[in-house]
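J.: First the structure, then my questions, so here it is.
Residue numbers (our numbering): 43 to 233.
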């Protein structure tokens with residue numbers, strides 16, 4: 043006999059209720075635009091830096107271009123991740139490459155008006171914000187329906203919990219990468 047990790051709801055038992063959720067369209071679009079802009083500006087900056095490799099700032103422009111492209115890729119990768127909530131726990135990731143918080147690790151799922159906080163026995167809290175996830179109300183209903191130890195709150199999440207949300211920081215990183223791309227390209231053009 044062997045044991046394998048199957049996707050939620052696809053085990054040998056009766057089909058379990060679950061839901062899969064993606065990032066909201068606006069932040070996803072911002073990340074995709076950010077990737078296109080950083081790749082285009084990065085290619086220009088690298089092209090300018092290669093023309094004059096002996097210039098003192100050429101290597102800095104090359105590294106800056108690679109850094110902004112990496113930040114653009116990071117934005118798209120995080121925004122394409124999905125969350126799956128099922129009776130056996132919560133998964134975050136891409137298809138078969140996920141990290142998960144098993145049901146037996148979850149002490150409490152706090153359902154706020156604008157967020158879901160997954161509190162584990164050990165480790166850090168996972169925080170899913172309304173601002174980051176599409177179909178948030180369905181996500182809240184699913185977290186309560188699958189039998190996780192949920193607690194409803196009829197208020198917004200506390201500030202300390204909201205600070206754990208990565209959405210605003212990720213959007214700022216993407217915008218910052220585009221600004222860095224413009225800056226690096228202007229410097230590289232002047233070599």
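Where a beta carbon is used, it is the ideal one built from N, C-alpha and C, also for glycine. Quick caveat: nothing in here was measured; it's all calculated off a predicted structure.
Considering just the uninterrupted stretch of the alpha helix (DSSP H) at residue 69, what are its terminal residues?
T.: On the chain shown, position 27 is the one that residue 69 refers to. 67-93 is the extent of the alpha helix (DSSP H) around residue 69.
J.: Bridge partners of residue 162, per DSSP?
T.: As a working note, residue 162 is residue 120 in the chain shown. Per DSSP, 148.
J.: Note the first and the last residue of the continuous alpha helix (DSSP H) segment covering residue 188.
T.: As a first step, residue 188 is located in the chain shown; it is residue number 146 there, counting from the start. From DSSP, residue 188 is part of no alpha helix (DSSP H); its letter is neither H nor E.
J.: Would you check if the distance between the CB atom of residue 143 and the CB atom of residue 226 is smaller than 8 Å?
T.: To locate residue 143, count along the chain shown from 1; it is residue 101. To locate residue 226, count along the chain shown from 1; it is residue 184. Against a cut-off of 8 Å, the Cβ pair of residue 226 and residue 143 comes out as no contact.
J.: My parser needs the beta strand (DSSP E) runs of 3 or more residues fully inside the segment 189-225; what are they?
T.: 192-194
J.: Just to confirm before moving on: does the CB-CB distance between residue 39 and residue 117 stay below 8 Å?
T.: Not covered by the structure: residue 39. The range shown for the chain is 43 to 233.
J.: Please say whether residue 192 and residue 186 have beta carbons closer to each other than 8 Å?
T.: Looking up residue 186 in the chain shown gives position 144. Looking up residue 192 in the chain shown gives position 150. The answer is yes: Cβ separation under 8 Å.
J.: Alpha carbon to alpha carbon, what distance is there between residue 169 and residue 202?
T.: By 1-based counting over the chain shown, the position of residue 202 is 160. By 1-based counting over the chain shown, the position of residue 169 is 127. In a straight line, the C-alpha of residue 202 is about 11 Å away from that of residue 169.
J.: Count the other CB atoms within 10 Å of the CB of residue 154; is the residue buried (16 or more) or exposed (fewer)?
T.: The residue given as residue 154 occupies position 112 in the chain shown. Buried.
J.: What residues in its chain sit with their C-beta under 7 Å from that of residue 121, if we drop five residues either side in the sequence?
T.: Here residue 121 is taken as the residue at index 79 of the chain shown, counted from 1. Answer for residue 121: 65, 69, 70, 73, listed in chain order.
J.: Among the residues of its own chain, which have a CB less than 8 Å from the CB of residue 157, if the five just before and after it don't count?
T.: Against the chain shown, residue 157 aligns to sequence position 115. For residue 157, where only same-chain residues beyond five positions count, the Cβ hits under 8 Å are 169, 170, 171, 172, 198, 199, 203, 204, 207.
J.: Between residue 221 and residue 75, what straight-line distance do the alpha-carbon atoms span, to the nearest angstrom?
T.: Indexing the chain shown from 1 puts residue 221 at position 179. Indexing the chain shown from 1 puts residue 75 at position 33. Their Cα atoms are separated by approximately 13 Å.
J.: Hey, residue 126 and residue 60: beta-carbon distance below 8 Å or not?
T.: Indexing the chain shown from 1 puts residue 126 at position 84. Indexing the chain shown from 1 puts residue 60 at position 18. Against a cut-off of 8 Å, the Cβ pair of residue 60 and residue 126 comes out as a contact.
J.: Can you tell me the Cα-Cα spacing of residue 242 and residue 103, whole angstroms?
T.: For residue 242 there is no data in the structure shown, the boundaries of the chain being 43 and 233.
J.: Round the Cβ separation of residue 129 and residue 145 to the nearest angstrom and send it over; I've been treating them as touching at under 8 Å.
T.: Mapped onto the chain shown, residue 129 falls at position 87. Mapped onto the chain shown, residue 145 falls at position 103. That pair is a contact at about 7 Å.
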